[in-house]
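Right, one structure below, let's go through it.
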Amino acid sequence: MLSAAAPTLTATPAAQLDIAARDYDVVRRAVEYISCNVRRQPEVEEIAAATGVSARALTDLFRRWCGLTPKAFLQAVTLDRARRIVAECPNVLDAALELGLSGPGRLHDLFVVHEAMSPGEWKTGGAGLVIRFGFHPSPFGQALAMSTPRGLCGLAFADLGEEAAALADMRSRWPNATYVEEPAATAPLVAQIFDPASCRGDQPLRIVFIGTDFEIRVWETLLRIPMGRATTYSTIAEHVGRPKAARAVGAAIGKNPISFVVPCHRVIGKSGDLTGYHWGLTRKRAILGWEAAKVEPKAE
Numbered sequence: 001m002l003s004a005a006a007p008t009l010t011a012t013p014a015a016q017l018d019i020a021a022r023d024y025d026v027v028r029r030a031v032e033y034i035s036c037n038v039r040r041q042p043e044v045e046e047i048a049a050a051t052g053v054s055a056r057a058l059t060d061l062f063r064r065w066c067g068l069t070p071k072a073f074l075q076a077v078t079l080d081r082a083r084r085i086v087a088e089c090p091n092v093l094d095a096a097l098e099l100g101l102s103g104p105g106r107l108h109d110l111f112v113v114h115e116a117m118s119p120g121e122w123k124t125g126g127a128g129l130v131i132r133f134g135f136h137p138s139p140f141g142q143a144l145a146m147s148t149p150r151g152l153c154g155l156a157f158a159d160l161g162e163e164a165a166a167l168a169d170m171r172s173r174w175p176n177a178t179y180v181e182e183p184a185a186t187a188p189l190v191a192q193i194f195d196p197a198s199c200r201g202d203q204p205l206r207i208v209f210i211g212t213d214f215e216i217r218v219w220e221t222l223l224r225i226p227m228g229r230a231t232t233y234s235t236i237a238e239h240v241g242r243p244k245a246a247r248a249v250g251a252a253i254g255k256n257p258i259s260f261v262v263p264c265h266r267v268i269g270k271s272g273d274l275t276g277y278h279w280g281l282t283r284k285r286a287i288l289g290w291e292a293a294k295v296e297p298k299a300e
């Protein structure tokens with residue numbers, strides 16, 4: 001069995017993201033195994049054997065990556081827990097919208113200020129728009145960050161070797177924009193997103209939406225979902241004034257260009273099933289478990 005090296009106590013935030021990205025490669029394999037065997041509730045030794053590391057190394061790695069043991073993570077992503085979340089989701093979103101903020105998960109959420117580009121800028125496919133981009137390590141694999149002078153406009157994920165496909169997918173959203181690879185420009189944004197210590201109310205993360213009016217209304221609603229909570233497509237449809245448009249809402253969520261920050265991963269099916277996610281259901285399950293650890297740090 002392989003062992004997982006622990007980070008040094010003096011690791012910088014950038015080094016910690018490197019470690020988290022390396023950890024995610026093991027986490028991804030573990031989550032895939034857990035997902036296929038969730039009804040059996042496999043023991044950590046079984047998960048570790050399937051993942052290719054020792055049970056001790058897997059436990060240490062999960063604690064480092066999200067603060068939970070593998071067993072606690074398994075409990076955090078079970079269908080039963082998802083169903084309980086769904087049962088409360090209308091009240092969660094109602095309360096968040098009424099308060100104008102993300103309710104009980106506020107202290108764990110990013111402080112985000114958003115604006116939308118004009119319909120004309122969207123209709124032209126981004127013509128005349130300069131988008132800078134870069135790949136960076138993150139707790140969920142390689143993160144592709146994209147920005148304009150007005151703020152973050154895109155965040156995508158890719159496993160190692162899939163970076164070119166992720167970039168092509170994002171470029172297809174605004175095909176007429178000019179793209180400049182400049183990781184130095186996007187690195188501070190990534191640090192702000194994945195390093196909670198860097199989130200300050202007087203220095204909010206600025207994001208810019210590029211989409212149709214309907215898509216932007218859906219994405220704005222997603223920002224209201226508290227960390228550690230979830231809602232359904234039909235509930236969002238009701239909140240955007242289109243109660244019969246759950247399918248259209250699903251399509252808009254699938255086009256969300258700013259993953260994680262605009263938490264489309266917090267939308268699940270009425271039954272509690274983790275339905276489609278543009279960057280893969282394994283990553284969606286990993287993100288939800290990671291967030292559960294931030295909201296419930298003492299879970300075991």
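One point on numbering: in the numbering used here, the residue at position 104 of the sequence shown is 104, and numbering is uninterrupted. Using N, Cα and C, we set each Cβ at its ideal position, and we do this for glycine too. If you're wondering where the values come from, they're calculated on a predicted model, not measured in any experiment.
The DSSP-derived three-state label of R247 is helix.
When G52, A237 and D18 are compared, the shortest CA-CA separation from H136 is found for D18. In the DSSP annotation of this structure, A20 is not part of any beta strand (DSSP E); the continuous alpha helix (DSSP H) holding it starts and ends at P13 to C36. Counting the other CB atoms within 10 Å of its CB gives L160 a total below 16, which places it among the exposed residues. DSSP places I225 in the coil class of the three-state scheme, outside both helix and strand.
Contact between A145 and L189 holds, with the beta-carbon distance rounding to 5 Å and staying under 8 Å.
Straight through space, the alpha carbons of P183 and I34 are spaced by roughly 34 Å.
Nearest Cα to I258 within the set G241, G276, V249 and G211: G211. DSSP, reduced to helix, strand and coil, places V295 within a helical segment of the structure shown. Here the alpha carbon of T231 sits roughly 15 Å from the alpha carbon of F260. Linking Q142 to T186 through their CA atoms gives a straight-line distance of about 13 Å. Boundaries of the alpha helix (DSSP H) harbouring M170: E163 to R171, taken from the DSSP string. Taking C-beta separations shorter than 7 Å and ignoring five residues to either side along the sequence, the partners of G151 in its chain run R206, I207 and V208, following chain order. Looking only at V180, V130, W174 and E291, the smallest Cα-Cα distance to K255 is reached by W174.
Cα atoms of N37 and L58: separation of roughly 17 Å, rounded to the nearest angstrom.
Per DSSP, reduced to three states, the secondary structure at A116 is strand. Around the CB of K244, fewer than 16 other CB atoms lie within 10 Å, so the residue is classed as exposed. In chain order, A20, D23, Y24, V27, P139 and W290 place their CB closer than 8 Å to the CB of W65, counting only its own chain and leaving out the 5 sequence neighbours on each side.
Going by C-alpha positions, T178 is about 45 Å away from I47.
For I268, DSSP records a beta bridge to T232.
The continuous stretches of beta strand (DSSP E) do not include T51, which lies in the alpha helix (DSSP H) extending over residues V44 to T51.
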